[in-house]
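Peer 1: The opening residue of the sequence shown carries number 1 in full-length UniProt numbering; numbering runs sequentially from there.
To start, I am sharing the structure in question, which I have written as structure tokens.
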Amino acid sequence: MARSNPSPQAAMGDYLRDNSSPLQTISQPGSTQLAASSFLSGKYPDHVALWHSTALVRVPQPVLAGGSSSSSPAQQQQKTGQKKHRRTRTGCYTCRSRRVKCDETLPICDRCRKGNRSCVYPAPGVAPSKTSSSRSSARAKANPSVSSPGSDRSDQGGIEGADETKTLSAIQEDNAGATISKSRSHETQHSHSTAGNKKKPTPEAVVPRSENSASPSTTESSILDSLSSRSTSVGLSAREPYVLPSTIQCLPEDVRFYLNYHQQFLTHHHYFLRTGGDRFIHQEMVEYALQYDPLLYALAGFAAYHHSLQNPGGKIYTFLKLYHKALMLLRKSLGSGEEHGEATLITVLVLTSFEEYIGDWMSLIDHHQAAHALICELSTPESINTNETYRQIFSWYARFDVAAGILAGSETILSREWYISREEYDAEQALRYPNDIDKQITYSASIIRRIGLDMASLYAKLSRGMISMEEFMVQNDQLSQNLEYIKNILKQFDDSEYTVTSYPHKVALTCDDIVDPYLPGGLYQGPLWSLNFAWIDLLSVTLMFYYQSYMTLQQPPPSELESLALEQCRLIETIDRWPDKPNGYLIGFKNSISLASMFLPNDEKHRMWCRRKFAKMERNGYIFSPKFRSVLATMWQVPEMNYWWLPDDEGYPNIVREIRAMTDERMSKPRDNFREDVRNMKAVFGKLDLDDPGEPSESA
Numbered sequence: 001m002a003r004s005n006p007s008p009q010a011a012m013g014d015y016l017r018d019n020s021s022p023l024q025t026i027s028q029p030g031s032t033q034l035a036a037s038s039f040l041s042g043k044y045p046d047h048v049a050l051w052h053s054t055a056l057v058r059v060p061q062p063v064l065a066g067g068s069s070s071s072s073p074a075q076q077q078q079k080t081g082q083k084k085h086r087r088t089r090t091g092c093y094t095c096r097s098r099r100v101k102c103d104e105t106l107p108i109c110d111r112c113r114k115g116n117r118s119c120v121y122p123a124p125g126v127a128p129s130k131t132s133s134s135r136s137s138a139r140a141k142a143n144p145s146v147s148s149p150g151s152d153r154s155d156q157g158g159i160e161g162a163d164e165t166k167t168l169s170a171i172q173e174d175n176a177g178a179t180i181s182k183s184r185s186h187e188t189q190h191s192h193s194t195a196g197n198k199k200k201p202t203p204e205a206v207v208p209r210s211e212n213s214a215s216p217s218t219t220e221s222s223i224l225d226s227l228s229s230r231s232t233s234v235g236l237s238a239r240e241p242y243v244l245p246s247t248i249q250c251l252p253e254d255v256r257f258y259l260n261y262h263q264q265f266l267t268h269h270h271y272f273l274r275t276g277g278d279r280f281i282h283q284e285m286v287e288y289a290l291q292y293d294p295l296l297y298a299l300a301g302f303a304a305y306h307h308s309l310q311n312p313g314g315k316i317y318t319f320l321k322l323y324h325k326a327l328m329l330l331r332k333s334l335g336s337g338e339e340h341g342e343a344t345l346i347t348v349l350v351l352t353s354f355e356e357y358i359g360d361w362m363s364l365i366d367h368h369q370a371a372h373a374l375i376c377e378l379s380t381p382e383s384i385n386t387n388e389t390y391r392q393i394f395s396w397y398a399r400f401d402v403a404a405g406i407l408a409g410s411e412t413i414l415s416r417e418w419y420i421s422r423e424e425y426d427a428e429q430a431l432r433y434p435n436d437i438d439k440q441i442t443y444s445a446s447i448i449r450r451i452g453l454d455m456a457s458l459y460a461k462l463s464r465g466m467i468s469m470e471e472f473m474v475q476n477d478q479l480s481q482n483l484e485y486i487k488n489i490l491k492q493f494d495d496s497e498y499t500v501t502s503y504p505h506k507v508a509l510t511c512d513d514i515v516d517p518y519l520p521g522g523l524y525q526g527p528l529w530s531l532n533f534a535w536i537d538l539l540s541v542t543l544m545f546y547y548q549s550y551m552t553l554q555q556p557p558p559s560e561l562e563s564l565a566l567e568q569c570r571l572i573e574t575i576d577r578w579p580d581k582p583n584g585y586l587i588g589f590k591n592s593i594s595l596a597s598m599f600l601p602n603d604e605k606h607r608m609w610c611r612r613k614f615a616k617m618e619r620n621g622y623i624f625s626p627k628f629r630s631v632l633a634t635m636w637q638v639p640e641m642n643y644w645w646l647p648d649d650e651g652y653p654n655i656v657r658e659i660r661a662m663t664d665e666r667m668s669k670p671r672d673n674f675r676e677d678v679r680n681m682k683a684v685f686g687k688l689d690l691d692d693p694g695e696p697s698e699s700a
């Protein structure tokens with residue numbers, strides 16, 4: 001279906017044509033035109049409304065730790081003497097992985113029943129992506145010069161949709177084309193050359209086995225034993241520290257210093273990543289950066305930002321000059337006519353992350369659209385699963401994509417087939433390695449991403465009168481079943497030896513505490529540490545789902561919203577008091593605590609607990625938007641929160657004041673109505689009646 005709004009490549013062209021000076025750029029980012037119709041104004045884009053599949057899918061049995069078959073899928077495939085069928089997008093995951101035809105009998109298909117195998121169907125609402133391969137082939141024929149990353153197939157294209165393919169020549173004329181480049185020689189490093197893709201990771205097999213993954217036939221205890229090589233305190237992936245090469249000695253002293261700081265201090269939490277991201281940010285990204293100057297300065301600027309906040313004498317200029325240089329080098333790269341690749345996309349994502357940190361959501365939209373143009377040209381729904389590097393890039397991008405799509409009704413959101421492709425891959429991995437916690441969490445995260453898309457689509461259909469209320473209720477129940485399915489995935493590790501049952505560093509509770517953070521079984525350590533954040537994500541999306549559902553049905557929110565909010569606060573407080581925590585852990589709470597704060601009891605004790613958490617997060621670099629502060633100040637009737645979270649400017653660093661002032665200025669003059677709606681966060685606050693704190697408006 002042709003789109004009426006400007007393509008993401010047009011946004012890249014606008015992004016390039018902004019020739020502002022660095023200081024002007026900070027207040028006037030590159031212009032991008034978007035259609036103003038979005039669900040921020042009560043209407044959703046047509047293509048968003050059409051994502052959601054109306055076909056009902058039964059809830060599958062969860063992938064339990066003890067549910068692995070007696071032999072591996074590869075061995076099962078060798079044992080069968082039947083003729084192999086073409087791989088299908090329907091049926092259970094066991095038959096898919098064995099590449100045999102499934103009769104789709106529920107709850108157990110005939111092949112799995114006869115073979116006494118574990119039979120797992122896709123989670124509810126997962127529609128098969130039947131046409132993605134043919135679309136990829138068509139794209140390749142239309143533009144054979146663009147190849148998929150991590151793939152040796154020359155017939156795969158990178159443009160999403162024929163309308164975007166037709167604009168490729170125009171994009172190249174605007175110097176905004178983003179294609180896969182060849183590896184360049186070592187001599188070009190640090191010469192301010194702006195070619196984007198100088199390192200190309202080796203693709204993995206279609207279904208790779210990770211180094212720390214267990215065999216499907218391994219018991220849970222042996223899996224956890226094998227994972228004990230990871231940190232027993234916080235569960236960070238075991239890895240050999242990446243030694244920076246001697247060539248960094250030719251870099252400017254400040255860049256060299258912050259690159260080392262990046263390696264020693266920053267974790268995947270700082271980049272909004274969940275599991276398996278440490279190797280990506282400490283090795284893959286750095287290797288790209290050492291061959292691509294825009295990314296080098298973006299990483300240095302990102303590290304300088306966090307260093308400045310940790311340093312009592314930190315100055316805003318320290319990281320802004322590096323950020324500006326990264327931005328200028330990136331624009332030079334995009335406008336040079338040279339080919340671009342993964343390093344270009346990663347650079348844009350680093351800058352997007354920085355803009356979220358400082359609360360500049362309008363500039364974030366600009367970079368999100370640029371990232372969308374790049375990911376559509378550099379990859380396909382199939383190629384995003386070829387190796388861990390591309391999977392991390394997609395997960396990182398998808399986080400911004402879903403946030404922009406749901407929060408702002410952005411027209412640049414990726415089509416559903418990308419998310420389904422990733423979810424199918426993660427489901428197969430979770431089935432093959434049922435005891436690998438990282439694969440189970442990654443699978444649950446894929447389902448959560450797809451739930452976000454389907455929530456937007458479902459509410460869009462209802463708002464446009466495309467479905468009846470009865471149909472809405474049925475499909476909304478599917479989303480509820482999906483959330484329950486994720487819960488079952490995570491609960492399978494409840495009785496692990498890494499479940500915390502006692503707290504040696506327990507501190508006596510006071511009248512200011514709103515939860516008991518020392519609940520036996522309420523925390524996971526060692527190899528299961530990342531499970532804590534998976535639960536926070538699930539609780540947060542469940543809270544949002546229930547809130548949106550009851551508002552759509554014009555019903556008063558039930559008491560369980562408060563219970564969900566309190567459970568999030570309990571887990572947040574428990575992690576906060578745990579002695580062994582990774583750097584950046586606090587950033588993992590940003591979405592959860594923001595949402596939970598609106599459903600807690602509106603009394604002084606609960607308000608002050610939230611205010612202290614918000615202040616702590618800002619001191620650690622995550623600046624909340626002025627609109628969010630204003631809404632909470634009105635809800636809680638605490639006007640002073642417009643200026644700082646705590647009374648009498650308690651714990652208010654000067655550098656945070658400066659960052660806030662800079663962001664407030666950048667947000668004060670939106671270029672169009674769309675960005676004004678984004679700034680006002682109407683998708684979140686539009687249904688809250690601020691005259692009656694905590695209660696939703698019936699007229700909204």
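Virtual Cβ for every residue (Gly too), placed ideally from N, Cα, C.
(1) Rank 589, 650 and 404 by C-alpha distance to the C-alpha of residue 622 and give the top, closest one.
(2) Between the Cα of residue 783 and the Cα atoms of 354, 489 and 392, which residue gives the shortest distance?
(3) Put residue 154 into one of helix, strand or coil per three-state DSSP.
(4) Quick check on the DSSP output: the alpha helix (DSSP H) that includes residue 291 runs from which residue to which?
(5) Check residue 242 in the structure and name its three-state DSSP category.
(6) Go to residue 621, then tell me how far its alpha helix (DSSP H) extends in each direction, as first and last residue.
(7) Can you tell me which of 527, 373, 530 and 501 puts its alpha carbon nearest to the alpha carbon of residue 517?
(8) What's the C-alpha gap between residue 522 and residue 396?
(9) With DSSP collapsed to three states, give me the class of residue 433.
(10) Helix or strand or just coil, what does DSSP make of residue 105?
(11) Mapping the DSSP letters down to three states, classify residue 357 as helix, strand or coil.
(12) Taking C-beta to C-beta, are residue 297 and residue 326 nearer than 8 Å?
(13) Can you tell which of 636, 291 and 620 has its C-alpha closest to the C-alpha of residue 609?
(14) Determine, using beta carbons only, whether residue 454 and residue 442 come nearer to each other than 8 Å.
(15) Please classify residue 311 as buried or exposed, where buried requires at least 16 neighbouring CB atoms within 10 angstroms.
(16) Under 8 Å between the Cβ atoms of residue 384 and residue 440?
(17) Go ahead and pull the three-state DSSP assignment for residue 393.
(18) Could you pull the start and end residues of the alpha helix (DSSP H) that residue 469 belongs to?
(19) Consult DSSP for residue 652 and reduce its assignment to one of helix, strand or coil.
(20) Counting only runs of 3+ residues fully inside the segment 287 to 354, write out the beta strand (DSSP E) ranges in chain order.
(21) Since residue 592 contacts residue 540 with CB under 8 Å, what's their CB separation in whole angstroms?
(22) Would you list the one or two residues that DSSP bridges to residue 419?
(23) Helix, strand or coil for residue 542? Go by DSSP, reduced to three states.
(24) Roughly how many whole angstroms lie between the Cα atoms of residue 436 and residue 530?
(25) Helix, strand or coil for residue 267? Go by DSSP, reduced to three states.
(26) Taking the alpha helix (DSSP H) that residue 115 falls in, what are its first and last residues?
(27) Assuming residue 417 and residue 447 form a contact by the criterion Cβ under 8 Å, report the distance between their Cβ atoms to the nearest whole angstrom.
(28) Taking the alpha carbon of residue 339 as the point to measure from, which residue in 316, 320, 377 and 307 has its own alpha carbon closest?
(29) Residues in the same chain with beta-carbon distance under 6 Å from residue 299, minus the five sequence neighbours each way, listed in chain order, please.
(30) Report the partner residues of residue 499 according to the DSSP bridge assignment.
(31) Anyone know if the C-beta pair for residue 582 and residue 269 falls short of 8 Å?
(32) Mapping DSSP to helix, strand and coil, what is residue 382?
(33) Let's see if you can read the secondary structure: which residues bound the alpha helix (DSSP H) around residue 633?
(34) Assuming residue 92 contacts residue 101 under a Cβ cut-off of 8 Å, what Cβ separation, rounded to an integer in Å, is found between them?
(35) Might you give, ordered along the chain, the residues of its own chain that have their beta carbon closer than 8 Å to the beta carbon of residue 419, omitting 5 neighbours on each side?
(36) Would you please state the rounded distance, in angstroms, between the beta carbons of residue 248 and residue 295? I believe it to be under 8 Å.
Peer 2: Put simply:
(1) For the purposes of this step, residue 622 is taken as the residue at position 622 of the sequence shown. For the options 589, 650 and 404, the alpha carbon positioned closest to that of residue 622 is the one of 589.
(2) Residue 783 lies beyond the stretch modelled for the chain, which goes from 1 to 700, so this question has no answer here.
(3) As a first step, residue 154 must be located in the sequence shown, where it is residue number 154. Caution is warranted here: a pLDDT of 33 is assigned to residue 154, below 50, making its placement in the model unreliable, and no coordinate value can be reported.
(4) Here residue 291 corresponds to residue number 291 of the sequence shown, with the count starting at 1. Counting along the chain, no alpha helix (DSSP H) covers residue 291, and no H or E run does either.
(5) Taking the sequence shown and counting its residues from 1, the one referred to as residue 242 is at position 242. Here residue 242 sits in coil by DSSP.
(6) Taking the first residue of the sequence shown as 1, we reach residue 621 at position 621. Per DSSP, residue 621 belongs to no alpha helix (DSSP H) and is neither H nor E.
(7) In the sequence shown, residue 517 corresponds to position 517, counting from 1. The shortest Cα separation from residue 517 among 527, 373, 530 and 501 belongs to 501.
(8) Indexing the sequence shown from 1 puts residue 522 at position 522. Indexing the sequence shown from 1 puts residue 396 at position 396. Answer to the nearest angstrom: the Cα atoms are 28 Å apart.
(9) Stepping through the sequence shown from its first residue, residue 433 is reached at position 433. Look at residue 433 here: in three-state DSSP terms it is coil, with no helix or strand label.
(10) Within the sequence shown, residue 105 is the residue found at index 105, counting from 1. Looking at residue 105 - three-state DSSP - the assignment turns out to be coil, as it is neither helix nor strand.
(11) Taking the sequence shown and counting its residues from 1, the one referred to as residue 357 is at position 357. It is helical.
(12) Here residue 297 is taken as the residue at index 297 of the sequence shown, counted from 1. Here residue 326 is taken as the residue at index 326 of the sequence shown, counted from 1. Yes, the pair counts as a contact, with Cβ atoms nearer than the cut-off.
(13) Residue numbering aside, residue 609 sits at position 609 when the sequence shown is read from its first letter. For the residues 636, 291 and 620, the minimum Cα distance to residue 609 belongs to 636.
(14) Within the sequence shown, numbered from 1, the residue matching residue 454 stands at position 454. Within the sequence shown, numbered from 1, the residue matching residue 442 stands at position 442. No.
(15) Working through the sequence shown from its first residue, we reach residue 311 at position 311. Per the 10 Å Cβ criterion, exposed.
(16) As a first step, residue 384 is located in the sequence shown; it is residue number 384 there, counting from the start. As a first step, residue 440 is located in the sequence shown; it is residue number 440 there, counting from the start. No, the Cβ-Cβ distance between residue 384 and residue 440 is not below 8 Å.
(17) Taking the first residue of the sequence shown as 1, we reach residue 393 at position 393. In the structure shown, residue 393 sits in a helix (DSSP, three-state: H, G or I).
(18) Against the sequence shown, residue 469 aligns to sequence position 469. Per DSSP, residue 469 is one residue of the alpha helix (DSSP H) stretching across 469 to 491.
(19) Here residue 652 corresponds to residue number 652 of the sequence shown, with the count starting at 1. Correct three-state label for residue 652: coil.
(20) Secondary structure within the segment 287 to 354: not one fully enclosed beta strand (DSSP E) run of 3 or more consecutive residues is present.
(21) Working through the sequence shown from its first residue, we reach residue 592 at position 592. Working through the sequence shown from its first residue, we reach residue 540 at position 540. With a Cβ gap of about 4 Å, residue 592 and residue 540 count as contacting.
(22) As a first step, residue 419 is located in the sequence shown; it is residue number 419 there, counting from the start. None, per the DSSP bridge assignment.
(23) Against the sequence shown, residue 542 aligns to sequence position 542. Assigned with DSSP and collapsed to three states, residue 542 falls in helix.
(24) The residue labelled residue 436 in the question sits at position 436 within the sequence shown. The residue labelled residue 530 in the question sits at position 530 within the sequence shown. Each residue's Cα considered, the two are about 12 Å apart.
(25) On the sequence shown, position 267 is the one that residue 267 refers to. Of the three classes helix, strand and coil, the one that applies to residue 267 here is coil, per DSSP.
(26) In the sequence shown, residue 115 corresponds to position 115, counting from 1. Unbroken alpha helix (DSSP H) run through residue 115: 110 to 115.
(27) Here residue 417 refers to the residue found at position 417 when the sequence shown is read from its first residue. Here residue 447 refers to the residue found at position 447 when the sequence shown is read from its first residue. 16 Å between Cβ atoms; not a contact.
(28) Here residue 339 refers to the residue found at position 339 when the sequence shown is read from its first residue. Ranked by Cα distance from residue 339, the first of 316, 320, 377 and 307 is 377.
(29) Translated into positions along the sequence shown, residue 299 becomes position 299. The residues are 262 and 289.
(30) In the sequence shown, residue 499 corresponds to position 499, counting from 1. Looking at the DSSP output, residue 499 sits in a beta bridge with 524.
(31) As a position in the sequence shown, residue 582 is number 582, starting the count at 1. As a position in the sequence shown, residue 269 is number 269, starting the count at 1. In contact: residue 582 and residue 269 (Cβ atoms closer than 8 Å).
(32) The count along the sequence shown starts at 1 and reaches residue 382 at position 382. In this structure, residue 382 counts as coil in the three-state DSSP scheme.
(33) Position 633 of the sequence shown, counted from the first residue, corresponds to residue 633. Segment 626 to 635, the alpha helix (DSSP H) holding residue 633.
(34) Looking up residue 92 in the sequence shown gives position 92. Looking up residue 101 in the sequence shown gives position 101. Contact flag wrong, Cβ pair sits at about 11 Å.
(35) Within the sequence shown, the letter at position 419 stands for residue 419. Taking C-beta separations shorter than 8 Å and ignoring five residues to either side along the sequence, the partners of residue 419 in its chain run 398, 446, 449, 450 and 453, following chain order.
(36) Along the sequence shown, one-based indexing puts residue 248 at 248. Along the sequence shown, one-based indexing puts residue 295 at 295. With a contact defined as Cβ atoms closer than 8 Å, residue 248 and residue 295 miss out at about 14 Å.
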